[in-house]
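Here's the structure, in structure tokens; my notes come after.
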Amino acid sequence: MFPRPIQQSGKGAQWLYTIALPIALLLWLFPLLGVALTSLRPASDLAQGNYFGMPSGIAWENYVFIFTETPIGQYMVNSLWVTIPTVIGAVSLSLMTGFALAVYGFRANILVFFMFVAGNFVPFQILMVPVRDMTLQLGMYDTWYGLALFHIAFQTGFCTLFMRNFIKALPYELIEAARVEGVSEWRIFWYIVLPLMRPAIAALSVLVFTFIWNDFFWATVLTQGVDSQPITAGLSSLNGQWIAQWHLVSAGSILAALPPVAMFFLMQKHFIAGLTLGAVK
Amino acid sequence: MVHKKTGALALVAALLLSTSAFAQDKRVVTWNADYDPIPLAAAEALIADFEAANPEIDVQLTNFDHEAYKNAIRNFLTADPPDLANWYAANRMRPFVEAGLFADISDVWAANGLTEALAASVPSSTIDGKQYAIPYTYYQWGIYYNRDAYAAAGVEVPGPEGVNWETFLANCEKFKAASIDCVTTGSSALWPVAGVFDYVSLRTNGYQFHSDLAAGKVSWTSPEARAVFENLGKLQPYVTENHAAIDWQDAAAIFVQGKAANYVMGNFAVGVFKEGGMTNDNLGFMVFPEITPGLDRAEEAPTDTIHLTSGAKNPDDAKTFLAYMAGAEAQSKWNAAVGQLPTNKNATVDPADPFLTAGFEALSTSTGGIAQFWDRDADAEYAKAGMEGFQQFLVQPEELEAILERLEQTRLRLFPQ
Amino acid sequence: MANASDTVTAAPVRRAAGRWNQRTLAPWLFLAPGLFMFGVYVLWPIIQSITLSFYDWNGLYNQDGEFTGTFVGTRNYSELMTDPAFETSLWNNLKWLVLYMAALPIGLFIAIFLNQTVRGMRLYKSLFFFPFVISQVVVGLIFAWFYAPNFGLFYLLTESLTGKGTAILADPDLVTYGIIAAGLWPQIAYVMILYLTGLNNVAPDQIEAARLDGAKGWRMLWYVVLPQLRPATFIAVIVTVIGALRSFDLVSIMTNGGPFGSSRVLSYYMFEMALGEFGFRMGYGAAIAVVLFAIMMIFISGFIWKMWRDETQR
Chain A
232 MFPRPIQQSG KGAQWLYTIA LPIALLLWLF PLLGVALTSL RPASDLAQGN
282 YFGMPSGIAW ENYVFIFTET PIGQYMVNSL WVTIPTVIGA VSLSLMTGFA
332 LAVYGFRANI LVFFMFVAGN FVPFQILMVP VRDMTLQLGM YDTWYGLALF
382 HIAFQTGFCT LFMRNFIKAL PYELIEAARV EGVSEWRIFW YIVLPLMRPA
432 IAALSVLVFT FIWNDFFWAT VLTQGVDSQP ITAGLSSLNG QWIAQWHLVS
482 AGSILAALPP VAMFFLMQKH FIAGLTLGAV K
Chain B
3 MVHKKTGALA LVAALLLSTS AFAQDKRVVT WNADYDPIPL AAAEALIADF
53 EAANPEIDVQ LTNFDHEAYK NAIRNFLTAD PPDLANWYAA NRMRPFVEAG
103 LFADISDVWA ANGLTEALAA SVPSSTIDGK QYAIPYTYYQ WGIYYNRDAY
153 AAAGVEVPGP EGVNWETFLA NCEKFKAASI DCVTTGSSAL WPVAGVFDYV
203 SLRTNGYQFH SDLAAGKVSW TSPEARAVFE NLGKLQPYVT ENHAAIDWQD
253 AAAIFVQGKA ANYVMGNFAV GVFKEGGMTN DNLGFMVFPE ITPGLDRAEE
303 APTDTIHLTS GAKNPDDAKT FLAYMAGAEA QSKWNAAVGQ LPTNKNATVD
353 PADPFLTAGF EALSTSTGGI AQFWDRDADA EYAKAGMEGF QQFLVQPEEL
403 EAILERLEQT RLRLFPQ
Chain C
16 MANASDTVTA APVRRAAGRW NQRTLAPWLF LAPGLFMFGV YVLWPIIQSI
66 TLSFYDWNGL YNQDGEFTGT FVGTRNYSEL MTDPAFETSL WNNLKWLVLY
116 MAALPIGLFI AIFLNQTVRG MRLYKSLFFF PFVISQVVVG LIFAWFYAPN
166 FGLFYLLTES LTGKGTAILA DPDLVTYGII AAGLWPQIAY VMILYLTGLN
216 NVAPDQIEAA RLDGAKGWRM LWYVVLPQLR PATFIAVIVT VIGALRSFDL
266 VSIMTNGGPF GSSRVLSYYM FEMALGEFGF RMGYGAAIAV VLFAIMMIFI
316 SGFIWKMWRD ETQR
């Protein structure tokens, strides 16, 4: 193990480590803690210049205010409308593409695979104008499904890379055996491979959920109003109205961050498994 | 990139429209607008008046979020045009006029004697000799000042007619001694600095030169343009530091708290100042100081407009409504509700509002001309380059030569000589 | 195809033909939906953008729905050559690329710091990873608050140290570094988690062997641990490069490219030119996007080349 386990060091070093750990964490999360604190600060504190001192009280009303007086609830719902279909769509599509690329040795295999991988790294800007124009022409501009369709297509690249590598690592004999039995390809996919994919599906679902929830660029390009804008774009436009009202900006930020954070803590193992794919081999 | 769905959409839209028209037995005029709540209520009141006078016409207003509208108009003008659409005068409407999306309404102007009633707005509504807009409101820019800050620094409070440049700069020196920002602004969104630049330019060289500068007709390295920056440079040390990182509302807070004495702003800011706790007792308005003696005083007053779209399905009734919006009665009513100024010279202004009366006075006595504001007078790309240059000069005045050279290059590229 | 003939030799001839057909067709049927979506939303738009970069178009269609752009050849590109804003963006992109690489050593350092088995370590690791999970919009707002003139913590800190507060987002020379620092925060967290996973998989016997040879500290890290972390480092470099080149969100939230365009990067400048309030120059925007695409292609090719080597070596 590297570094040497702290238990093997002297008492002093162990002490030092136990103290250093929480301090380092505090410093690391300092900006976030500041914002969390500000989100509970009464507006009067900020008006009097009390930005960092003891708050004069805990102002849950900041959260009540943004829920009742701003469309932030609607923005969060919009985000779900974009995020959940994207997760389902991208995972389903990539299960099939991943299966095709992992199991069949056809000639264009590696080419198709690399195309998905490369597409995944493309800068968004090269897609922006045509995708926006196409979405407009199809009458899907400023709708949750216009945004979700794009996300499904784009995420399929990353998800295919993941699924294909995952299926490659499954024992190929299972598929061979089924073929000898005369099981059709579709049934192999459905009854043999799919049940083994649960961990991969879980990992990808949390990852894609987080990516899409946090997307700001496409939300700005493909939606514009309260009716369809996801929380990231909504928060940005609310920020334009809340100038100098940092208690509201903070509360909105905390709310926007909550769902992916909850998702991360609930599905931590899967999340990290998905993210670190390829980091060890 | 060709329309496929548009036909189907238009058909559905037409079906919907025709059924509703049939049901009410009225001719429908559709109007897309970008109003905040107060102007929206005022517009709905006008529609009610209009429909009472024209019972056979039904005006249907679709309201958009103000910022989203700038994007939306580009889509709906081709995909699903309403009969009427809100927009802005001068260069801001040019792309739509040139793409053939706004219709020529010179006939409305001629039939209703508007060239006379809206005389001040003729240039900003006209492209190539034809009128494409009905201007129905504008608001003055000028200097809002905090009387408390003047008192705190022991500076004599000016009247609405303002002071001259030397006095203004001398006052700034006194404010500086009292640790008060003489002039504040928040230029994070760029446009607030254009207000300052425009006024210094209008006062240094007059309306014609400023207008030519915005149109790309004169060089940034000309002695006149340099004179503008020289005067701007005299103001620069007294402008709130770090203005580039804050928004105009942040600067408004500084102003309201008395940490700044003067704010070069548009009249829409009065609402924000008053929300912050100022009253007619400590908030004052004056015209921007005279710099070059003897110049005809020009003012800055951005105009909002309504346009007939080329895809309008009911242009005849839409024109009736446009004529109504151009009239003195409608304009008096809408502007009184919103707190802005009517463009029709026969309209009236609420005498109880000191800022409106001061603005009306300033604009109606200005003999130099009415500028629209930098980002409406200048072509979009040119406007942006200019505003970045103004902002940079107010942060790094020592970079003047580089700024002028860059602006001049942009000008030569956009307006080949 | 070798597998196919092996498995079907025993089956009757007619059935074998059917199987063969099924297995030639099957991958394409499985690929069809994904390929179709990817083609429509990713491949085709790339071609369209490249085409559009040779046009001058303000994004409008005329009343009949016809495209109103005009072909201008390479004029958009020659204009880029002399555009100072483009030059600024390019330089800033370079700063992003170089400084973003700091995420690697810092991330590794934190990973080593956290690679212990004491009580509550799992929670510590999760909390350190936290910044990566939250949206860049939120990160941008957090740092904008941190840097705010007059009351921001950073401003107050510099004020107490030097007597004069630094409003980092108003300073044309510092603004880009301020935004990069904000971007590094989640990026370091990402790199850290990659290295933590990597460290978990470092072969313990090799470490012990090196320890017996007297290797310690830096030498151990450099000669024994780092070579084993190579896959993690490779992924970390890739995601950091991509992160640096995609730096749109933070610039948009924190400064809108200001003051006077000093914090622009290519991704933001492209958006500004194509969809910004004073933009709607779709062709020019497309040309910027093509340049960004070309830069990214250098890294993509490297990645694909490495993958291809790994694939064919198996």
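Chains as they are written, first to last, in this note's numbering: chain A, 232 to 512; chain B, 3 to 419; chain C, 16 to 329.
Yeah, the Cβ is synthetic: ideal placement off N, Cα and C, and Gly gets one too.
Secondary structure of residue i, DSSP reduced to three states
i	result
B:Val-157	coil
B:Glu-302	strand
B:Glu-292	strand
B:Ala-263	strand
B:Tyr-106	It is Asp, not Tyr, that sits at residue 106 of chain B in the sequence shown. In this structure, B:Asp-106 counts as coil in the three-state DSSP scheme.
B:Val-230	helix
B:Val-258	helix
A:Phe-447	coil
C:Ile-208	helix
B:Gly-286	strand
B:Trp-143	strand
A:Asp-458	coil
C:Tyr-70	strand
B:Leu-343	strand
B:Asn-269	coil
A:Asn-340	helix
C:Asn-130	coil
B:Asn-207	helix
A:Met-498	coil
B:Trp-376	helix
B:Ala-338	helix
Opposing strand residues paired with residue i [DSSP bridges]
i	result
B:Tyr-240	Answer is none; B:Tyr-240 lacks a bridge partner.
B:Gly-371	B:Ala-300
B:Lys-132	B:Ile-129
B:Val-185	B:Val-241, B:Asn-264
C:Phe-82	C:Tyr-76
B:Thr-307	B:Trp-89, B:Pro-137
B:Asn-166	B:Glu-292
B:Asn-148	B:Leu-285
The ligand FMN heavy atom lying under 6 Å from the CB of residue i
i	result
B:Val-30	No copy of the ligand FMN occurs in the structure displayed, which carries no ligand at all.
Beta-carbon spacing of residue i, residue j below 7 Å
i	j	result
A:Ala-379	A:Pro-316	yes
A:Asn-351	A:Ala-482	no
B:Ala-77	B:Ile-308	Position check: residue 77 of chain B holds Asn in this sequence, whereas Ala was assumed. No. Outside cutoff.
B:Gln-394	C:Phe-275	yes
C:Val-154	A:Ala-488	no
B:Pro-291	B:Asn-166	yes
B:Gly-341	B:Trp-250	no
A:Ile-254	A:Leu-479	no
A:Asn-445	C:Ser-150	yes
A:Ile-432	A:Ile-419	no
B:Gly-102	C:Asn-77	yes
Every unbroken beta strand (DSSP E) within the segment 24-90 of chain B, with a cutoff of 3 residues, ordered by chain
Complete beta strand (DSSP E) runs here, min 3: 29-35, 59-65, 86-90.
Near-chain A residues of the segment 234-253 of chain B - C-beta to any C-beta below 9 Å
Residues passing the 9 Å Cβ filter: Ile-248, Asp-249, Trp-250, Gln-251, Asp-252.
Can you give me, in chain order, the residues of the segment 300-312 of chain C that have a beta carbon less than 8 Å from any beta carbon in chain A?
Residues of the segment 300-312 of chain C with a C-beta less than 8 Å from any C-beta of chain A: Gly-300, Ala-301, Ile-303, Ala-304, Val-305, Leu-307, Phe-308, Met-311, listed in chain order.
Any C-beta of chain B within less than 7 Å: which residues of the segment 73-89 of chain C qualify?
For chain B, the residues of the segment 73-89 of chain C that bring a beta carbon within less than 7 Å of one of its beta carbons are Asn-73, Gly-74, Leu-75, Tyr-76, Asn-77, Gln-78, Gly-80, Phe-82, Thr-83, in chain order.
Name the residues in the segment 272-285 of chain C whose C-beta lies less than 7 Å from a C-beta of chain A; which are they?
Across the segment 272-285 of chain C, CB contacts with chain A closer than 7 Å involve Ser-282, Met-285, in sequence order along the chain.
Which residues, in order along the segment 51-81 of chain B, keep a beta-carbon less than 8 Å from a beta-carbon of chain A?
The residues in question are Phe-66, Asp-67, Glu-69, Ala-70, Asn-73, Ala-74, Asn-77, Ala-81.
Against chain A, which members of the segment 143-154 of chain C pass a CB distance test of less than 9 Å?
Those residues of the segment 143-154 of chain C that come within reach of chain A (Cβ to Cβ, closer than 9 Å) are Phe-143, Phe-144, Phe-145, Pro-146, Phe-147, Val-148, Ile-149, Ser-150, Gln-151, Val-152, Val-153, Val-154.
Please specify which runs of the alpha helix (DSSP H), each continuous and at least 4 residues long, are wholly inside the segment 151-224 of chain C, giving them in chain order.
Whole alpha helix (DSSP H) segments, 4+ residues: 151-162, 168-177, 190-215.
Give the residues from the segment 442-473 of chain A that approach chain B closer than 8 Å (Cβ to any Cβ), ordered along the chain.
If the cut-off is 8 Å between Cβ atoms, the segment 442-473 of chain A has Gln-455, Gly-456, Val-457, Ser-468, Gly-471 near chain B.
Along the segment 273-289 of chain A, what residues have a CB closer than 8 Å to any CB found in chain C?
Flagged, chain order: Gly-280, Tyr-282, Phe-283.
Select from the segment 375-386 of chain B all residues with a C-beta closer than 8 Å to any C-beta belonging to chain C, and list them in chain order.
Listed by position along the chain: Asp-377, Ala-382, Glu-383, Ala-385, Lys-386.
To test your reading of the DSSP string, which unbroken alpha helix (DSSP H) runs of 4 or more residues are found completely within the segment 345-395 of chain A?
Listed in chain order, the complete alpha helix (DSSP H) runs (minimum 4 residues) inside the segment 345-395 of chain A are 356-368.
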